[in-house]
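Asker: The numbers in the sequence shown follow our numbering, run straight up by one, and end at 1255. Built from N, CA and C at the ideal position, the CB exists for glycine as well. Just so you know, these numbers come straight off a predicted model, no measurement behind them.
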Amino acid sequence: MEGDDAVEFRLLGAVAVTTGSGELPLGPAKRRSLLAALLLRPNTTVPLDQLIDALWPEGPPARARTVAQGHVSRLRALLAQGGADMWGVRLVTRGDAYVLEMPESLLDAHRFDELVRLAHAQRSPDDAAALLREALALWHGPALVGVATAGPLRVAADGLEEARISAVEHLARTYGEFGEHARAASLLHAEAVAHPMRESLAAALMRALYRSGRQSDAIDQYHRTRTLLADELGVDPGAALREAYGEILAGCQAPAPAPDPARSEPVPVPAPAIDPAPRADGPDLLPRPPRGFVGRDRELAAITAAARREHAVVVVTGPAGVGKSAATLHWAHAARPHYDGVLFADLHGFDDEAGGDPGAPDTADVLREFLIALGVAPRELPDTPGALAAAYRFRTEDRRLLVVLDNARTAAQVRPLLPAGRGSAALVTSRLRLDGLAVSELARTVDMGVLDGPASAALLAAATGAEERLAAEPAAAARLAALCAGLPLALRVVAARINARPRWPLAPLAEELADEQRRLALLDVDDTGVAAALRLTLLALPADARALFGRLGDLPGPDLDRYAAAALTGTSPGDAATALDRLAAAHLVTERAPGRYGMHDLVRLYARGPARDDAPPSSETHGDPGEPLVRLLDHYVRTALRATTVAEPDDRPCCVLPADVRPDLGGPPLPDRAAALGWFTAQRENLAAAAGAAHAAGHDDRAWRLVVLQWPSVVSYVRDDWMPLLEQGVAAAVRLCDPDAEARIRALCGWVLTEEGRLAQALEHLERAPALAARAGDPSSEATALVNLAVALDRGGAAGPEPLAHLTRAADLARAAGDVLTELLALEHRARRLLALGDHPAVLACTERGLALPGVAAEGLAPLRQTLLRVSRGAALLGTGRAEEARTCLRRAYEDAVRQGFEDGIQRAEAQLTRADSQTATRR
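#1: Which same chain residues, not among the five before or five after Ala347, have their C-beta less than 6 Å away from its C-beta?
#2: Can you look up Arg764 in the DSSP assignment and give me helix, strand or coil?
#3: How would you write the range of the alpha helix (DSSP H) that Tyr1225 sits in, first residue to last?
#4: Out of His441, Glu445, Asp416, point me to the one whose CA is closest to Glu432's CA.
#5: I think Leu992 touches Leu1037, with their Cβ atoms under 8 Å apart; what is that distance to the nearest whole Å?
#6: Can you find the residues in the same chain that come closer than 6 Å, C-beta to C-beta, to Ala1025, ignoring five residues on each side of it along the sequence?
#7: Where does His501 land, buried or exposed, given buried means 16+ other C-beta within 10 angstroms?
#8: Are the beta-carbon atoms of Ala440 and Leu467 separated by less than 8 Å?
#9: In whole angstroms, give me the CA-to-CA distance for His1171 and Ala1207.
#10: Leu867: which of Gly652, Asp982, Arg464, Leu790 sits nearest, CA to CA?
#11: In three-state DSSP terms, what is Leu840?
#12: In chain order, what residues of the same chain lie with their CB nearer than 7 Å to the CB of Ile1237, ignoring the 5 residues before and after it?
#13: Output needed for Pro388: all residues of its chain with C-beta closer than 8 Å, excluding positions within five of it in sequence on either side, in chain order.
#14: Which same chain residues, not among the five before or five after Leu1156, have their C-beta less than 7 Å away from its C-beta?
#15: Taking 8 Å as the threshold (C-beta atoms), are Leu919 and Val861 in contact?
#16: Are the beta-carbon atoms of Ala408 and Tyr1048 separated by less than 8 Å?
#17: Give the list of continuous beta strand (DSSP E) stretches no shorter than 3 residues that lie fully inside the region 770-802.
#18: Which first and last residues belong to the beta strand (DSSP E) in which Phe509 is found?
#19: Quick check: the region 725-733 against the region 662-673, are there 3 or more CB pairs under 8 Å?
#20: In terms of alpha-carbon separation, which member of Glu530, Leu446, Pro356 lies closest to Arg405?
#21: Report the three-state DSSP secondary structure of Phe701 (helix, strand or coil).
#22: Checking 8 Å against the spacing of the C-beta atoms, do Ala1100 and Ala1078 come in under that value?
#23: Under 7 Å Cβ to Cβ from Ser595, same chain only, skipping five residues before and after it: list those, please.
#24: Three-state secondary structure (DSSP) at Glu1098?
#25: Report all residues from its chain with a CB closer than 8 Å to the CB of Leu1182; omit the five preceding and five following residues, and keep chain order.
#26: Give the DSSP bridge partners of Gly353, in chain order.
#27: Just reading off the beta strand (DSSP E) that Gly672 is part of, what are its end residues?
#28: Using the rule of at least 16 other Cβ atoms within 10 Å of the residue's Cβ for burial, across every protein chain shown, is Cys1068 buried or exposed?
#29: How many Å lie between Leu422 and Thr375 at the Cα?
#30: Report all residues from its chain with a CB closer than 6 Å to the CB of Gly1088; omit the five preceding and five following residues, and keep chain order.
#31: For Pro378, which of helix, strand or coil comes out of DSSP?
#32: With a threshold of 7 Å on Cβ separation, who are the neighbours of Arg699 within its own chain once the five nearest residues in sequence on each side are excluded?
#33: I'd like to confirm the pairing. Which residues does DSSP put opposite Thr921 in its beta bridges?
#34: CB-CB under 7 Å to Arg1106, same chain, minus the five flanking residues each way: which ones, in chain order?
#35: Just the Cα atoms here: how many angstroms apart are Arg1239 and Pro650?
#36: The beta strand (DSSP E) that contains Glu432, what's its start and end?
Next comes the structure, spelled out in structure tokens:
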């Protein structure tokens, strides 16, 4: 990447496009599948038929080409909105095919291949290992997540996974060259669990286990693999597995090679930059290393890099139960030989007794313990906290100490305990970010996220010690790991439940855990578990953050911004932003894109739970529990109405605010059309979820508005799978018995279905919409419905006068209502219909009337409609033999379309200009 704002395309994990502003909202799986198919062949022309095969491996529907082209159009718009063109990325149409032009360095799969290729070319094992670790760090889960699960994309995903496993095997061989056999075994074990029948992995793991002194484990691995191959495939072990087994049996006749403790670190540890050598007799207060530790190579490497600095302070932060302490202790044990000594203290920042005021606890007891460990006799300890801190600074000034401060809640707790030596390092773990340490101590932060799928499976296997049991039910084991959502604490609790039921199959345990009503209860054991950890985190937060958290469990949609948070809590956006920032600092929400926050699945379940003792008193406790939802719905309705007005300022509003709308607490700035359409794009999933929640709660007056107000986005990206949302709007309008609402929604449904080629379904809506609008007494709405009905009939090949009659009626209705834009729409379609009938004089009259409408020419209203009217007029002039007038009209239409970037207008004008040239050549 050439800069922080560069575009990045990801295939190694969930298919995604990220920019400096966050991840682009790619939308449905079909669009992600199309992007993946193009990214797998960058800078190569991909025929549309091949893209259709990738999108519908089970066989394409009748409208596959239209839908695929719609996804191409939407993807092109998303890339443009994300600034991809600044980095040389363009989605280009070439006939009946497409090519994604891009620098391949922006694609993670390309960088992975390059790093692996460079690793193979290295003579130095150190350099090769560094390149391979960098390559494997590009993976964020199984390849091509979120795309079609069969067909060409499945084949491609399997190929990428094969390349990843080969890189893992290469890295393990490189570790073996160092003599780091324990490290190689740890790396290979997770892969062997995920791919139990890959014999090359099993053979490499057997050799690594044996060479690290674990010959019985190596032999056990052989027998497990042999049994699995026989049971699943009915085959014997291949040559690679047999050879590894033979080598181990032969080697067992002599003493097995002992593990090299100096070379068994999980990652390279910082080599101190100052002499003398570490003191062998220094203090060591570290607890035992964590059991069953797996993965975390990226985080451990980040700790290593941060700890190399002088006076290093490293804050390892992350949500409750994510494994901060385990990773920190794992690293500290590996780094111990490089320091004069290690001090450790659990600051109990989130224990029950710490749940009151968030002030710093007394550190005097910790300082006394540290000074005694550093050789100060108990009787010589100072009495006051200040004197204890001064003595600690003096005792640590000439030492290289590693100080581990676990479970801190405030920066004030930590500062007196930081060692004074410039070669020392302090590792601090906390559920909060502790930004104060970054300011005062230049601390570096290492974020600890949840585990990916393979690492979750590996931790579950390590924590249970029941690899055979897990391998016997791979689907149930994978489901158990997935339901824990990558949270190590949850995985360990599940492992405890598995071990407590040694004769139970795993499938019933997975079924229990799948029940959202019981999941958190099942993820608690005694006073330890996910809910207990989250409770203690919340107790450390102010009341405003806890109040907002209590509203987030029922939040419709995947995320929210400060304006939606303000609506939920009835506060100002500024106060809501403060509460969101506090929740983010405690890792109870995650800032997934700038200003937009989402929740981990298990955290959302906890927030949805019944009344909790961490919830503060609320003024709404005895009021309407649905009031926060209504405020949120009204916020979305109000902002959508404003966005529609900004995006289409010349159009009349399609609805007004509900009569009992809640007060406006503030909304996002929408300065121009691009910002308004961008808001619709970013909020699409939230608006759909809000409409569904409104309908489910009986707020149909809000539900239909949330649907119909998205019409600018619907019209701009009409082939973008809008029907599920629109059908929700129809249901809400019907239940509300509101003919105006029903007419508008059905007209929009009919337009979308027409564009999708589903004409019979379109007519079911469009034949009812005009009468509904007439009953509501809205001539503009009736005119729009009639235009859409005429277009659908025309697309269906209706040969009679009916379409033209509908368009004439629509133009008259709009003119009577003074609705210039709707009249212009009707006249443009009427001109097209007349042109198809060959009535050129009527076309000229129709287009003249349209271009002379008030404000059309003078104020530039509806420029796209004007362009299409001029194309029809030029064609009619050609039909009456007025070639020069036709060329003048068509050239203006073409120039206007080019200036507007209006592709349909460009194509129509070009076609008529070509026709004019052909007529001239024929006359000559």
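Answerer: Reading it off the structure:
#1: In the sequence shown, counting from the first residue as 1, residue 347 sits at position 16. Same-chain partners within the cutoff: Arg341, Glu354.
#2: The residue you call residue 764 lines up with position 433 of the sequence shown. Coil at Arg764, not helix or strand.
#3: Start at 1 with the first residue of the sequence shown, and residue 1225 comes out as number 894. Its alpha helix (DSSP H) spans residues 1214-1231.
#4: Against the sequence shown, residue 432 aligns to sequence position 101. Of His441, Glu445, Asp416, the residue nearest in Cα terms is Asp416.
#5: Translated into positions along the sequence shown, residue 992 becomes position 661. Translated into positions along the sequence shown, residue 1037 becomes position 706. Before going on, a small fix: residue 992 reads as Val here, not Leu. Actually they are not in contact, since the Cβ atoms of Val992 and Leu1037 sit about 13 Å apart, beyond 8 Å.
#6: Indexing the sequence shown from 1 puts residue 1025 at position 694. For Ala1025, where only same-chain residues beyond five positions count, the Cβ hits under 6 Å are Leu964, Arg1033, Ala1034.
#7: Indexing the sequence shown from 1 puts residue 501 at position 170. Per the 10 Å Cβ criterion, buried.
#8: Position 109 of the sequence shown holds residue 440. Position 136 of the sequence shown holds residue 467. No, these two residues do not count as a Cβ contact at 8 Å.
#9: By 1-based counting over the sequence shown, the position of residue 1171 is 840. By 1-based counting over the sequence shown, the position of residue 1207 is 876. Spanning the two alpha carbons is a distance of roughly 5 Å.
#10: Looking up residue 867 in the sequence shown gives position 536. Nearest of Gly652, Asp982, Arg464, Leu790 to Leu867, Cα basis: Gly652.
#11: One-based indexing of the sequence shown puts residue 840 at position 509. Helix.
#12: Working through the sequence shown from its first residue, we reach residue 1237 at position 906. Excluding positions up to five away in sequence, the list reads Tyr1225, Ala1228, Val1229.
#13: The count along the sequence shown starts at 1 and reaches residue 388 at position 57. For Pro388, where only same-chain residues beyond five positions count, the Cβ hits under 8 Å are Ala479, Ala481, Gly482, Pro483, Leu484, Arg485.
#14: Counting from one through the sequence shown, the residue named residue 1156 turns up at place 825. Same-chain partners within the cutoff: Val1118, Arg1196.
#15: In the sequence shown, residue 861 corresponds to position 530, counting from 1. In the sequence shown, residue 919 corresponds to position 588, counting from 1. Result no, Cβ atoms of Val861 and Leu919 do not sit closer than 8 Å.
#16: Stepping through the sequence shown from its first residue, residue 408 is reached at position 77. Stepping through the sequence shown from its first residue, residue 1048 is reached at position 717. In contact: Ala408 and Tyr1048 (Cβ atoms closer than 8 Å).
#17: 775-778
#18: Residue numbering aside, residue 509 sits at position 178 when the sequence shown is read from its first letter. Looking at the DSSP string, Phe509 is not in any beta strand (DSSP E); the run it does join, the alpha helix (DSSP H), is 483-509.
#19: yes
#20: By one-based count along the sequence shown, residue 405 stands at place 74. Arg405 has its Cα closest to that of Pro356, out of Glu530, Leu446, Pro356.
#21: Along the sequence shown, one-based indexing puts residue 701 at 370. Phe701: helix per DSSP, three-state reduction.
#22: As a working note, residue 1100 is residue 769 in the sequence shown. As a working note, residue 1078 is residue 747 in the sequence shown. It is a contact, given that the beta carbons lie within the stated cut-off.
#23: For the purposes of this step, residue 595 is identified with residue 264 of the sequence shown, where counting begins at 1. Reliability fails at Ser595, whose pLDDT of 36 lies under 50, so the model's placement of it is uncertain and no value is given.
#24: Locating residue 1098 in the sequence shown gives position 767, where the first residue counts as 1. Note: Glu1098 maps to coil in three-state DSSP.
#25: Position 851 of the sequence shown holds residue 1182. Same-chain partners within the cutoff: Ala1188, Gln1197, Leu1200, Arg1201, Arg1204.
#26: To locate residue 353, count along the sequence shown from 1; it is residue 22. DSSP output for Gly353 lists Thr350 as bridge partner(s).
#27: Reading the sequence shown from its first residue, position 341 is the one you call residue 672. Here the beta strand (DSSP E) through Gly672 covers 672-677.
#28: As a working mapping, residue 1068 is identified with position 737 in the sequence shown. Cys1068 should be labelled exposed.
#29: The sequence position of residue 422 within the sequence shown is 91, counting from 1. The sequence position of residue 375 within the sequence shown is 44, counting from 1. Near 11 Å, if we compare the C-alpha coordinates of Thr375 and Leu422.
#30: Counting from one through the sequence shown, the residue named residue 1088 turns up at place 757. Excluding residues within five positions, the ones whose Cβ falls inside 6 Å are Arg394, Thr397.
#31: Position 47 of the sequence shown, counted from the start, is the residue given in the question as residue 378. Pro378: strand per DSSP, three-state reduction.
#32: Taking the first residue of the sequence shown as position 1, residue 699 is located at position 368. Only Leu712, Leu719 meet the Cβ criterion.
#33: Counting from 1 along the sequence shown, the entry for residue 921 is found at position 590. According to DSSP, which records beta bridges pairwise, Thr921 is partnered with Gly929.
#34: Along the sequence shown, read from residue 1 onward, the residue named residue 1106 stands at position 775. Once the five neighbours on either side are set aside, the close Cβ partners of Arg1106 are Pro1070.
#35: Stepping through the sequence shown from its first residue, residue 1239 is reached at position 908. Stepping through the sequence shown from its first residue, residue 650 is reached at position 319. Distance between the alpha carbons of Arg1239 and Pro650: 57 Å.
#36: For the purposes of this step, residue 432 is taken as the residue at position 101 of the sequence shown. Note, Glu432: beta strand (DSSP E), 428-432.
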